[in-house]
Ligand code: SIN
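In my numbering, the protein residues as written are 17 to 534.
Following this line, the structure appears as structure tokens:
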């Protein structure tokens, strides 16, 4: 993990008049903007947002944000805490009555404007993603397109929040169900999709008529802050989106978001242990929750698969964002009849990857987010190798950096750590299997169940295996599931609720009205 000094003594509290600290803030902000090299440098915000005001932390402390490809400073953001979180929640509560009363058409129009602005600033937003997350610029562009698509989708979903009329068995009675926004929503997002994990939640919340307090990740806050700026330009009123940036105070901030009686829903994407922690806190007020937690995706190649498609699928599924997505393949099961060919062709492909700075055109794969991520991949490789696995390609980190050479391990034994824990890095672990029943048992032998994939041309097997895999999402002859229109989410310990698709329902309450005496 890169060293993160806290510049608490340098930046001062919020500023009301021109003072040395105003000019210091402006300098810090313009230096950060210059480091990103954007066409519109005003997209770089280095303060949190509460009730329409860009603010520093009350005690002036800050968090250093670095580029994982170079470890160079990108800028600083405020280290906010409990007091700022309470203010943000109050601001969201104050904005709720008017925002929730806007028409669905008005919210649709604002979200479509937001969508248009995300497209207009495509180059800049993609560059911010690449600089703070490390993924390649092509992936950054892909993420911005994906991220914007949630705004478009939920703009349209706002118009489809229909209620229903239910015929009553009682004479003179009419049953009607309407849908209403839940209220203030707390949103906590991860660094692996700095933009798309915000819009997948925020789009649904805004479309439903909810107001929000967002805690973006400290590693990648600038995409989130740029989105907040675009939301303002699109016409989202003050207080509807509030952003509290924090790192050290995350426990206090998260606790308040989950336990506040004002907050009516918590939406989180991140690890299963943190989801469990938040679930416990949110239970104190029995608020609604959506959790998109960890995965450990099986990727199965049967002997009747189209091998070209299966290899292409494995490459995208395993190595997208250098293996740092919750839906990346974690365990690759290959039938013994095609194992040798699959392994050598995949190894050839992976050996041709070029790891490097995501801004360079020739780079195919960027760095991991920080040193801890690099250590985890090394630990999984060392463990598997000590139990008999062999390294076909890669196997090592690039010294003194966050880069890890894309790796393929073959003959990974069942008791290897990586079969139990998500690696979240560029490590493809190949396991040989013999029968359909055996591989389904192996695939399901985990506490989590987010995504699973398999390749087979047999239609009967396709139905059987898809039905038996214990996951929320199955890719059949594809390694890529993600789209804004699908119900994204898991079962078992991978989470609760669905995002995208009809996920707006997670931000609305159904209210029954029973009319009598008719
Ligand atoms: C995630 O990694 O949590 C999300 C991946 C995606 O939306 O494709």
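Virtual Cβ for every residue (Gly too), placed ideally from N, Cα, C. All values reported here derive from a predicted model rather than from experimental measurement.
Same chain, Cβ closer than 7 Å to residue i, neighbours up to 5 away in sequence not counted
i, result
"residue 251", "126 and 129"
"residue 475", "none"
Cut-off 8 Å between Cβ atoms - residues of its own chain near residue i, not counting five sequence neighbours on either side
i, result
"residue 400", "425, 428, 429, 432, 433, 434 and 445"
"residue 404", "427 and 429"
"residue 529", "191, 192, 193 and 194"
"residue 413", "390, 393, 394, 419, 420 and 421"
The ligand SIN heavy atom lying under 6 Å from the CB of residue i
i, result
"residue 283", "no"
"residue 333", "no"
"residue 288", "no"
"residue 341", "yes"
"residue 208", "yes"
"residue 211", "no"
"residue 498", "yes"
Beta-carbon proximity check, residue i vs residue j, cutoff 7 Å
i, j, result
"residue 79", "residue 229", "no"
"residue 593", "residue 524", "Look at the range of the chain in this structure, 17 to 534, and you will see that residue 593 is not part of it."
"residue 96", "residue 76", "no"
"residue 150", "residue 383", "yes"
"residue 239", "residue 145", "yes"
"residue 152", "residue 374", "yes"
"residue 101", "residue 269", "yes"
"residue 281", "residue 198", "yes"
"residue 450", "residue 338", "no"
"residue 442", "residue 420", "yes"
"residue 227", "residue 111", "yes"
"residue 380", "residue 370", "yes"
"residue 265", "residue 462", "no"
"residue 200", "residue 108", "yes"
Range of the contiguous alpha helix (DSSP H) that encloses residue i
i, result
"residue 162", "153-174"
"residue 132", "120-136"
"residue 101", "98-117"
"residue 237", "237-250"
Beta-carbon contacts of residue i that lie in its chain and below 6 Å, excluding the five residues immediately before and after
i, result
"residue 49", "57 and 60"
"residue 54", "140"
"residue 519", "220"
"residue 157", "142"
"residue 234", "79 and 263"
"residue 340", "208 and 440"
"residue 283", "203, 217 and 306"
"residue 481", "470"
Burial state of residue i (16 or more Cβ within 10 Å)
i, result
"residue 189", "exposed"
"residue 402", "exposed"
"residue 331", "buried"
"residue 459", "buried"
"residue 522", "buried"
"residue 300", "exposed"
"residue 178", "exposed"
"residue 534", "exposed"
"residue 296", "exposed"
"residue 356", "exposed"
"residue 326", "buried"
"residue 277", "exposed"
"residue 367", "exposed"
Residue span of the beta strand (DSSP E) that contains residue i, given as start and end
i, result
"residue 369", "From DSSP, residue 369 is part of no beta strand (DSSP E); its letter is neither H nor E."
"residue 270", "Counting along the chain, residue 270 falls outside any beta strand (DSSP E), though it belongs to the alpha helix (DSSP H) covering 266-275."
"residue 386", "Per DSSP, residue 386 belongs to no beta strand (DSSP E) and is neither H nor E."
"residue 297", "Here residue 297 belongs to no beta strand (DSSP E); instead the alpha helix (DSSP H) covers 288-298."
"residue 308", "304-308"
"residue 537", "Residue 537 cannot be examined here, being either before or after the span of the chain that is shown, 17 to 534."
C-beta neighbour in chain D for residue i, strict 7 Å
i, result
"residue 419", "Absent from the structure: chain D. Only one protein chain is present."
Any non-hydrogen atom of the ligand PLP within 6 Å of residue i CB
i, result
"residue 273", "Within the structure as shown, the ligand PLP is missing, the only ligands being the ligand SIN."
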